[in-house]
Amino acid sequence: MDLRLIHSIGVFDSGIGGLTVVRSLMERLPFENIIYFGDTARVPYGVKSVETITQYATEITDYLLK
1 MDLRLIHSIG VFDSGIGGLT VVRSLMERLP FENIIYFGDT ARVPYGVKSV ETITQYATEI
61 TDYLLK
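When you line the sequence shown up against this note's numbering, it's residues 1 to 66, in that order.
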């Protein structure tokens, strides 16, 4: 069985900066399945409380783990 179907690398970001991370991962790990989640709906994160950002991160992590 192809492990890429079971295991993936998830990257999430509150803007577009994570795309450079994904690009770098793809170059270094060309056979890995990489899932990118760009949370542009709730930007900017900088003005949000720690509790709110923690909630966003939990929601996105739960989504990526499905």
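All C-beta atoms, glycine included, are put in the ideal place defined by N, C-alpha and C.
Every unbroken stretch of the alpha helix (DSSP H) spanning 4 or more residues and falling wholly within the region 3-36 is given here in chain order: 18-28. With contacts defined as CB atoms closer than 8 Å, residue 16 and residue 46 fail to qualify as a contacting pair. Exclusion of the five residues before and after residue 8 leaves 33, 35 as the residues of its chain whose Cβ lies within less than 6 Å of its Cβ.
A direct Cα-Cα distance of roughly 31 Å separates residue 55 from residue 28.
The distance from the Cβ of residue 12 to that of residue 53 is about 12 Å, inconsistent with a contact at the 8 Å cut-off.
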